[in-house]
Every structure is written in C-alpha cells, then in structure tokens.
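Colleague: Pasting a structure below so you can have a look.
Residue numbers (our numbering), protein chains in the order written: chain A, 142 to 296; chain B, 172 to 370.
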C-alpha cells in the first residue's frame with residue numbers, strides 16, 4: 142500500500158515537473174513568439190515539402206515529410222492553411238493535373254481535421270512521388286497511372 | 172562526460188572539457204572534422220545534463236533562487252553552443268548571418284571567440300549536426316532553448332536562436348543534401364509540436 146502511494150506521488154511529481162508553468166508575462170511572450178513563428182513558417186515549409194514529395198526528395202524521406210506536413214496543416218486557422226496548400230499546389234513542380242491537385246488538397250484537408258493519419262498521408266505522398274519519376278511528364282495529367290492513383294485513393 | 176556536476180571536481184571537469192571543445196573550434200580551418208566532435212560533445216552534454224538544466228531554468232524564470240552549479244552548467248552549455256554556431260556560421264546559410272550579431276557578451280569559460288570562417292571552409296555536415304543538436308535540445312530542455320539568444324551578448328527577446336533555427340530549417344527543406352533535409356524535418360516536427368502547446 143505504502144509502495145503504491147509512493148509510486149503515485151512520484152508520478153504526480155514527475156508530471157508536475159513536465160508541466161511546469163511559466164509566469165503569465167513569460168507565457169504571453171512565448172505565445173506571441175509561437176504564433177508568429179508558426180504562421181511565418183507554415184506556408185514556406187508546406188511549399189518546400191510538397192515540392193520534395195513531387196519527386197525531389199529521396200524516397201526514404203517521404204515518411205518524415207508526411208509527419209511534418211500533417212503537423213503543419215493542423216496549425217493556425219483552416220482558411221489560412223488551405224490558402225497555403227492551394228498556393229503550393231499551384232507551383233510548376235506539381236505535374237499531375239487539376240484533378241490530382243484537388244485530390245491532394247482534399248487529402249491535406251482531411252489531415253488538418255484529424256480525419257487522416259500521418260501514416261495514411263505518407264502512403265498517398267509515396268504514390269505522388271512515384272508518379273513524378275517518369276521521364277516524359279507532359280502526358281502525366283491525362284495518363285492512366287494518374288487516373289488509377291486517384292481511383293485507388295477514392296477520387 | 173561527468174555523470175553529474177554536483178561536486179566542485181565534477182564541475183571543474185565539465186568546465187575543462189568545454190574549454191577543450193571551445194579550443195577545437197579555433198583550429199577548424201585546418202581540420203574541419205573537429206566540428207563533428209564538438210556537436211557530438213554538445214549532444215552528450217544535453218543528453219546527460221539537459222533535464223537538470225531545464226529544471227533550473229524553469230526555477231530561474233519563475234524567480235526562484237538557482238543553485239550556483241546549475242547556473243554555471245547552463246552557462247557552459249549556452250556559451251559552447253553559441254560559440255559553435257558562430258564558428259560554423261559560414262556553412263549555416265544566410266539566416267544565421269545578421270548585422271545585429273555583434274555580440275559583446277563574455278564567455279562563461281574564458282576564451283576568445285573563434286575566428287570568422289571563410290565561406291566553404293566548413294563542411295555541410297555542420298547544418299545537419301546543428302539541426303540534430305537543436306532537436307535534442309528542444310526535446311529535453313525546451314524552456315532553456317527558448318531563452319537562448321541567437322548569439323553571444325544578444326537579447327533573446329529580440330533575437331532568439333530558436334527563431335533563426337526554425338527559419339533556417341524551413342529554408343533547408345529544399346536543400347540538395349538528404350541528411351540536412353531529414354534533420355531539418357525532424358527538428359521542425361519537434362519545434363511545431365512544442366510551439367503548438369503554446370501558440
């Protein structure tokens with residue numbers, strides 16, 4: 142009984158250390174810095190990550206990129222996040238055409254609403270990466286491979 | 172790495188090791204491989220003493236009295252970390268160079284600042300090593316990391332190391348070096364998670 146109480150006390154103590162509070166003024170300063178840093182980073186980072194997933198990264202990097210992308214689309218106001226994703230998907234590096242752009246936007250919207258996991262996003266992005274590996278990219282938007290890819294993901 | 176710095180002897184040992192690491196930063200132009208050793212030493216420092224330094228930092232920002240050994244250990248870590256970044260700045264990208272960085276601060280252990288490196292004289296691994304180190308720092312001692320200035324003598328409220336690190340990591344996401352990209356991604360994932368708790 143005494144051992145159990147000691148363990149409970151220890152766990153509460155450890156938890157209190159982990160959640161140690163800052164003074165209100167320090168919290169305000171931290172909140173202001175956090176909001177500003179996240180807002181400034183989100184658009185740029187989403188753009189570069191999507192560019193990497195559209196063939197620039199090594200394949201082994203896609204899992205880590207998916208985890209960060211998922212975290213980034215879950216921060217800030219939804220409208221701002223969607224605008225950042227739309228801007229990124231409008232860049233020249235995305236070669237799969239408008240239906241695939243819309244599908245990618247919907248996939249990232251699901252992530253932002255916690256309706257899709259990092260692991261599922263990684264599977265989608267791995268497919269996106271593979272599609273960008275072909276030499277002749279001009280025919281990609283109307284290709285069977287893109288149509289198959291979209292069907293496979295429910296579009 | 173001494174397992175603690177509670178006694179005068181162990182703190183002196185830690186200080187001497189930091190002095191050795193700091194002196195290694197001065198010979199980088201002739202042997203750049205030493206940078207990797209300094210980053211490894213810093214990671215070991217954070218892994219071994221980060222928890223304790225974080226607790227004392229929290230006590231300090233809450234206005235409580237801080238043990239002098241804790242204060243000195245935190246000073247050693249900050250001084251060596253900022254000195255290492257200053258020494259590798261040439262390879263860290265434009266985010267790390269700023270006209271504001273004219274630090275007048277005094278090192279916690281007496282040493283001259285490392286000479287300014289020439290662009291290209293520092294290996295690319297510095298950036299990957301720095302993101303790896305900062306990821307561990309943020310994971311183990313977030314409040315300590317948050318309060319670090321971007322350079323010796325700077326005000327952390329005006330110019331935070333974390334701000335530059337986040338900007339630098341975001342800019343590195345389209346680097347050509349996969350190690351840099353992966354370490355930038357892992358660091359940013361930790362930073363976003365930490366900042367979301369407060370933002």
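Glycine included, each C-beta is placed from N, C-alpha and C at the ideal position. Keep in mind the model is a prediction, meaning the values are calculated, not measured.
Tell me the DSSP bridge mates of residue 320 of chain B?
Modeller: B:331
Colleague: Can you list, in chain order, the residues of its chain whose CB lies under 8 Å from that of residue 196 of chain A, leaving out five sequence neighbours each side?
Modeller: 234, 270, 273, 274
Colleague: With a CB to CB cut of under 7 Å and the five nearest residues on each side skipped, what residues in its chain are close to residue 216 of chain B?
Modeller: 172, 248
Colleague: Is the Cβ of residue 238 of chain A closer than 8 Å to any Cβ of chain B?
Modeller: no
Colleague: Would you please verify whether the beta carbon of residue 267 of chain A is less than 8 Å from any beta carbon of chain B?
Modeller: Look at residue 267 of chain A: its C-beta is not under 8 Å from any C-beta on chain B.
Colleague: Within 10 angstroms of its Cβ, does residue 285 of chain A collect 16 or more other Cβ (buried), or is it exposed?
Modeller: exposed
Colleague: Helix, strand or coil for residue 262 of chain B per DSSP?
Modeller: helix
Colleague: Near residue 216 of chain A, what residues of its chain come up, given a Cβ to Cβ distance below 6 Å and the 5 sequence neighbours on each side ignored?
Modeller: 179
Colleague: What does the alpha-carbon distance come out to for the pair residue 285 of chain B and residue 262 of chain B?
Modeller: Model confidence at residue 285 of chain B stands at a pLDDT of 48, short of 50, so the residue's coordinates are unreliable; what they give is reported in the following sentence. So the alpha carbons of these two residues sit roughly 15 Å apart.
Colleague: Got a sec: which bits of the region 335-350 of chain B sit with their beta carbon under 7 Å from any beta carbon on chain A, in order along the chain?
Modeller: Of all residues in the region 335-350 of chain B, those with a C-beta nearer than 7 Å to a C-beta of chain A are 337, 341, 344, 345, 349, reading in chain order.
Colleague: Below 8 Å, how does it come out for the region 249-263 of chain A and the region 179-191 of chain B: are there three or more Cβ pairs, yes or no?
Modeller: no
Colleague: To the nearest whole angstrom, what separates the beta carbons of residue 267 of chain B and residue 335 of chain B, a pair I think is in contact under 8 Å?
Modeller: 6 Å
Colleague: Quick one: which residues of the region 354-366 of chain B get their C-beta closer than 7 Å to a C-beta of chain A? List them in chain order.
Modeller: 356, 357, 359, 360, 363, 364, 366
Colleague: So with Cβ pairs under 8 Å, would you call residue 230 of chain A a contact of chain B?
Modeller: no
Colleague: Since residue 192 of chain A meets chain B, which of its residues come closer than 9 Å, beta carbon to beta carbon?
Modeller: Ordered by position in chain B, the residues that pass the 9 Å Cβ test against residue 192 of chain A are 344, 345.
Colleague: Please name the residue in B:237, B:207, B:208, B:337 whose C-alpha comes closest to that of residue 321 of chain B.
Modeller: B:337
Colleague: Once DSSP output is grouped into helix, strand and coil, what is the label at residue 174 of chain A?
Modeller: Helix at residue 174 of chain A.
Colleague: Ignoring anything shorter than 4 residues or poking outside the region 202-248 of chain A, list the alpha helix (DSSP H) runs there in chain order.
Modeller: 203-214, 219-230
Colleague: Smallest Cα separation from residue 291 of chain A: which of A:225, A:193, A:247, A:228?
Modeller: A:247
Colleague: When we look at the beta-carbon of residue 289 of chain A and count the other beta-carbons within 10 Å, is it buried (16 or more) or exposed?
Modeller: exposed
Colleague: Classify residue 177 of chain A as buried or exposed, calling it buried when 16 or more other Cβ atoms lie within 10 Å of its own Cβ.
Modeller: exposed
Colleague: Is it buried or exposed, residue 313 of chain B, if we count other Cβ atoms within 10 angstroms and call 16 or more buried?
Modeller: buried
Colleague: With distance defined between alpha-carbon atoms, name the residue in A:239, A:204, A:221, A:294 nearest to residue 183 of chain A.
Modeller: A:221
Colleague: Candidates A:185, A:171, A:282, A:250: which alpha carbon is nearest residue 228 of chain A's?
Modeller: Nearest to residue 228 of chain A by alpha-carbon distance, out of A:185, A:171, A:282, A:250, is A:185.
Colleague: Name the residue from B:319, B:299, B:257 whose alpha carbon lies nearest to the alpha carbon of residue 346 of chain B.
Modeller: B:299
Colleague: Just confirm the distance between the C-beta atoms of residue 242 of chain B and residue 227 of chain B, as a whole number of angstroms; I'd bet it's less than 8 Å.
Modeller: With a contact defined as Cβ atoms closer than 8 Å, residue 242 of chain B and residue 227 of chain B qualify at about 7 Å.
Colleague: Counting only the same chain and skipping the five closest in sequence on each side, list residues whose C-beta sits under 8 Å from that of residue 209 of chain A.
Modeller: Its chain contains 186, 190 as the residues whose beta carbon lies nearer than 8 Å to that of residue 209 of chain A, once the 5 sequence neighbours on both sides are disregarded; these appear in chain order.
Colleague: Quick one: what does DSSP say residue 205 of chain B is sitting in, helix, strand or coil?
Modeller: helix
Colleague: Between B:238, B:358, B:315, which has its C-alpha nearest residue 441 of chain B's C-alpha?
Modeller: Summary: the structure shown does not reach residue 441 of chain B, with chain B confined to residues 172 through 370, and so no result is reported for it.
Colleague: Which of the residues in the region 202-216 of chain A, read from start to end, lie with their CB under 7 Å from any CB of chain B?
Modeller: Listed in sequence order: 202, 205, 206, 208, 209, 212, 213, 216.
Colleague: Spatial neighbours of residue 359 of chain B within its chain, please: C-beta separation below 6 Å, excluding the five flanking residues on both sides.
Modeller: 340
Colleague: If you measure from the beta carbon of residue 199 of chain A to each beta carbon in chain B, is any gap under 8 Å?
Modeller: Interface residue, yes.
Colleague: Buried or exposed for residue 220 of chain B, please, with buried defined as at least 16 other CB atoms from any protein chain shown within 10 angstroms of its CB.
Modeller: buried
Colleague: How many Å lie between residue 257 of chain B and residue 363 of chain B at the Cα?
Modeller: 25 Å
Colleague: Spatial neighbours of residue 309 of chain B within its chain, please: C-beta separation below 7 Å, excluding the five flanking residues on both sides.
Modeller: Hits under 7 Å: 316, 361, 362, 365.
Colleague: Count the other CB atoms, across all protein chains shown, that sit within 10 Å of the CB of residue 265 of chain A; report buried if there are 16 or more and exposed otherwise.
Modeller: By the neighbour-count criterion, in which 16 or more other beta carbons inside 10 Å mark a residue as buried, residue 265 of chain A falls on the buried side.
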